[in-house]
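To start, the structure under review is shown below, and the notes come after it.
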Amino acid sequence: MQPDGKLRLGVNIDHVATVRNARGSAYPDPVRAARLAEEAGADGITAHLREDRRHISDADIDGLMQGLSVPLNLEMAVTAEMQAIALRHRPHAVCLVPEKREERTTEGGLEVAREENRLAHFIAPLRKAGCRVSIFIAAERAQVEAAHRIGAQVIELHTGAYCDAHADGRFEARDAELERLRDMAALAADLGLEVHAGHGLTYDTVAPIAAMAQVMELNIGHFLIGEAIFRGLGPAIAEMRRLMDEARR
Ligand code: PXP
Numbered sequence: 002m003q004p005d006g007k008l009r010l011g012v013n014i015d016h017v018a019t020v021r022n023a024r025g026s027a028y029p030d031p032v033r034a035a036r037l038a039e040e041a042g043a044d045g046i047t048a049h050l051r052e053d054r055r056h057i058s059d060a061d062i063d064g065l066m067q068g069l070s071v072p073l074n075l076e077m078a079v080t081a082e083m084q085a086i087a088l089r090h091r092p093h094a095v096c097l098v099p100e101k102r103e104e105r106t107t108e109g110g111l112e113v114a115r116e117e118n119r120l121a122h123f124i125a126p127l128r129k130a131g132c133r134v135s136i137f138i139a140a141e142r143a144q145v146e147a148a149h150r151i152g153a154q155v156i157e158l159h160t161g162a163y164c165d166a167h168a169d170g171r172f173e174a175r176d177a178e179l180e181r182l183r184d185m186a187a188l189a190a191d192l193g194l195e196v197h198a199g200h201g202l203t204y205d206t207v208a209p210i211a212a213m214a215q216v217m218e219l220n221i222g223h224f225l226i227g228e229a230i231f232r233g234l235g236p237a238i239a240e241m242r243r244l245m246d247e248a249r250r
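Quick note, in the working numbering, the sequence shown goes up one by one and the last residue is 250.
Written out as structure tokens, the structure reads:
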């Protein structure tokens, strides 16, 4: 927790790189966006270096490591290549996510329960290098308990199913998802894990997640970069910050 107990906002800048890569040029620069996000009140910057480099590039990670004064949270798949990159850069935080080449975005959480041994071995050197290791999981008891057993310090709960249900108007399903998220946030905190949450969050869906006392950090990307088209990145982030603080009170 931060000294003032404030819920942290990690701004994911992947989709600045998506726009840049659509033209194969150097503009817009995700590092510049990250600095702007910092000025607008982001407590951290999140970037997902995907195996296929469809948005963030290796050079972006170099730039973010050098150019930020807030912590970098590097999202990555559980591969030897990514582990080597993380060990070279030693970012403040590493978040392990599942990755499928054909998916449009990170569709589900990591299968921790079935891969405990492999994951425990994977995260040990990252922790030794001083990275705070987080595991992106679905809000399921088996995953939370397995994340705890393998020595992760943090879990990030996948809020995608909750946000999709809200967007589709399936309100019963949405409320059931919220209940699961609440229960698993409480279980994780009882086990001593720090709880984060993210994926698909918008102005319409952020409040119930921000209101969960155990949740210490939200990671939000796609919506903020989209909203930046209409109001600018700084004001888009400031409004998210306001909604988070309001829900927390
Ligand atoms: N958290 C994790 C672990 C993610 O993989 C992503 C997407 O890269 C996010 C948060 C942010 O999701 P969104 O871009 O939908 O806000």
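All C-beta atoms in this analysis are idealised placements derived from N, C-alpha and C, irrespective of residue type, glycine included. None of these values were measured; they are calculated from a predicted model.
Contact belief for residue i with residue j at Cβ below 8 Å, rounded distance in angstroms
{"i": "Ala187", "j": "Val216", "result": "So it is not a contact: roughly 10 Å between Cβ atoms."}
{"i": "Arg249", "j": "Leu10", "result": "Contact flag wrong, Cβ pair sits at about 11 Å."}
{"i": "Arg21", "j": "Pro29", "result": "6 Å"}
{"i": "Ala121", "j": "Gly152", "result": "6 Å"}
Enclosing beta strand (DSSP E) for residue i [first to last residue]
{"i": "Glu146", "result": "Element bounds for Glu146: not the beta strand (DSSP E) but the alpha helix (DSSP H), Arg142 to Arg150."}
{"i": "Ile210", "result": "Looking at the DSSP string, Ile210 is not in any beta strand (DSSP E); the run it does join, the alpha helix (DSSP H), is Val207 to Ala211."}
{"i": "Leu73", "result": "Leu73 to Met77"}
{"i": "Arg133", "result": "Arg133 to Ile138"}
{"i": "His200", "result": "No beta strand (DSSP E) contains His200, which DSSP labels as neither H nor E."}
{"i": "Leu97", "result": "Ala94 to Leu97"}
From the options, residue whose alpha carbon lies closest to that of residue i
{"i": "Leu234", "options": "Leu8, Gln67, Gln84 and Ile14", "result": "Ile14"}
{"i": "Ile226", "options": "Ala212, Gly201 and Pro209", "result": "Gly201"}
{"i": "Arg54", "options": "Glu100, Leu69 and Gly68", "result": "Glu100"}
{"i": "Ile210", "options": "Ala140, Asp61, Glu108 and Leu69", "result": "Ala140"}
{"i": "Ile221", "options": "His56, Met241, Ala212 and Asp165", "result": "Met241"}
{"i": "Met83", "options": "Thr106, Gln67 and Ile62", "result": "Ile62"}
{"i": "Gly25", "options": "His56, Ala34, Arg33 and Ala177", "result": "His56"}
{"i": "Leu50", "options": "Arg33, Ala27 and Thr106", "result": "Thr106"}
{"i": "Val145", "options": "Asp246, Ala177, Gly68 and Arg181", "result": "Arg181"}
{"i": "Ala78", "options": "Phe123, Ala34, Gly64 and Gly68", "result": "Phe123"}
First and last residue of the uninterrupted alpha helix (DSSP H) at residue i
{"i": "Ala60", "result": "Asp59 to Gly68"}
{"i": "Cys164", "result": "Gly161 to Ala168"}
{"i": "His1", "result": "It is not possible to answer for residue 1, since the shown part of the chain is limited to 2 through 250."}
{"i": "His223", "result": "His223 to Arg232"}
{"i": "Arg24", "result": "Asp15 to Arg24"}
{"i": "Ala34", "result": "Pro31 to Glu40"}
{"i": "His49", "result": "Looking at the DSSP string, His49 is not in any alpha helix (DSSP H); the run it does join, the beta strand (DSSP E), is Gly45 to His49."}
{"i": "His122", "result": "Glu117 to Lys129"}
{"i": "Glu173", "result": "Phe172 to Asp191"}
{"i": "Leu88", "result": "Ala81 to His90"}
Beta-carbon gap between residue i and residue j smaller than 8 Å
{"i": "Arg150", "j": "Met185", "result": "no"}
{"i": "Val207", "j": "Leu194", "result": "no"}
{"i": "Glu52", "j": "Thr80", "result": "yes"}
{"i": "Arg183", "j": "Val155", "result": "no"}
{"i": "Val12", "j": "Pro31", "result": "no"}
{"i": "Ala147", "j": "Val113", "result": "yes"}
{"i": "Gly110", "j": "Ile86", "result": "no"}
{"i": "Gly131", "j": "Arg89", "result": "no"}
{"i": "Ala237", "j": "Gly42", "result": "no"}
{"i": "Glu39", "j": "Ser70", "result": "yes"}
{"i": "Leu179", "j": "Tyr204", "result": "no"}
{"i": "Ser135", "j": "Glu108", "result": "no"}
Residue-level contact to chain C via CB, residue i, 8 Å cutoff
{"i": "Asp184", "result": "No chain C is present in this structure, which holds just one protein chain."}
| query | Does the region 87-104 come close enough to the region 125-135 to have 3 or more Cβ pairs within less than 8 Å? | reply | yes
| request: Please determine if the region 42-58 and the region 71-78 are in contact, where contact requires at least 3 C-beta pairs separated by less than 8 Å. | output: yes
| said: Under 8 Å, with one C-beta from each stretch per pair, do the region 160-170 and the region 111-123 reach the 3-pair mark? | reply: Cβ pair count under 8 Å is below three, so no.
| Are there three or more Cβ pairs, one per stretch, closer than 8 Å when the region 229-247 is compared with the region 165-173? | no
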